[in-house]
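Q: The structure's right below; bear with me while I get my questions together.
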Amino acid sequence: MPGTNLYELRRTVRSKFFWGLLAVCLFFGWNTLKTATIRGAAHTAPFSPWSFGAYLTRLLPLLGVALLFFQWNQCNEKSRRFWILTDSTPVPPGRYLLVKCAAAVTAWLLLALSVTALGIVFLTALFGGSVPVRMLLLTAALALLPSLVFLTGLGLRVGHIHSLLMFVLMAFALAAGFVPLPMKLDLYGYSFFTEYPLTLGLPDPAFSLPAGMLVSKVIFLLAGAAFLLLAICRRKKAS
């Protein structure tokens, strides 16, 4: 099983699409840092968790599309023909599905870590020791993980209904970053990082997470996990 996992991961990261997506993410990230992050979000310092969270959530629609593309590549018609072979092996279908899912998530994490590292290096080069690196890493986890789990689970479920539906889901993932939504309904959390600091009445408030936002993030995590379990159960029944 570890060998299968490595094969799926190598197949993903060696593709020209992965490197193309990495180049696009880094280019967009660099442009965002130079034009938006450097000015600070919601009147906060450029190196504050608020500004860093706004930077990452600007990139999340693109990262979301990348994740769904990796998943589509594993459930398209060409890959479905390979399922006939995997179903005849001793490996349970649900476990093999998790292996493919882990490969897509790992490839996505490489993209996410790349843009996170780009942001931290950029800010450290400009502001040195004033950059709270540990706090920025915690902010990155808060910004990235809920959308990762939600889109992974939903993509796995939708992709195994029909691979073409993944393109509809990609459009949703992209549009979710541009449609103004209340903070608690915002999958990526851009409105939280750019609007909530303004309500605190301070020029550069310390980072804080209100209970309502915490509940919202947990709901997205649980919903994604539920979609993932549903996809695994359906895959077992289909085999």
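Reminder that position 168 of the sequence shown reads as 168 in full-length UniProt numbering, one-by-one numbering, no gaps.
In this text, a Cβ means the ideal position worked out from N, Cα and C, and glycines have one as well.
1. Is it buried or exposed, residue 47, if we count other Cβ atoms within 10 angstroms and call 16 or more buried?
2. What whole-angstrom Cβ distance do residue 132 and residue 217 have, given they're in contact under 8 Å?
3. Apply the 10 Å Cβ neighbour rule to residue 14 and answer buried if 16 or more other Cβ atoms are within range, or exposed otherwise.
4. Does any CB atom of chain B fall closer than 9 Å to the CB of residue 202?
5. Terminal residues of the continuous alpha helix (DSSP H) containing residue 40?
6. Just to confirm, are residue 207 and residue 124 a CB contact at a threshold of 9 Å?
7. In three-state terms, what does DSSP make of residue 178?
8. Where do the N-terminal and C-terminal ends of the alpha helix (DSSP H) with residue 191 fall, by residue?
9. Taking the alpha carbon of residue 71 as the reference point, which residue from 34, 188, 12 has its own alpha carbon closest?
10. With a threshold of 16 other CB atoms inside 10 Å of the CB of residue 197, please say whether the residue is buried or exposed.
11. Closest to residue 53 by C-alpha separation, out of 143, 97, 105, 17, would be which residue?
12. Compare the C-alpha of residue 224 against each of 25, 152, 168 and name the closest.
13. Would you report the Cα separation of residue 56 and residue 116, rounded to the nearest angstrom?
14. Hey, quick one: how far does the alpha helix (DSSP H) through residue 70 stretch, first residue to last?
15. I'd like the span of the alpha helix (DSSP H) that includes residue 150, first residue to last.
A: Per the coordinate set shown:
1. buried
2. Between residue 217 and residue 132 the Cβ distance is about 21 Å, and since that is not below 8 Å, they are no contact.
3. exposed
4. No chain B appears in the structure shown, which is made up of a single protein chain.
5. Run containing residue 40: none; DSSP gives neither H nor E here.
6. no
7. coil
8. 190-195
9. 12
10. buried
11. 143
12. 152
13. 7 Å
14. 49-75
15. 133-159
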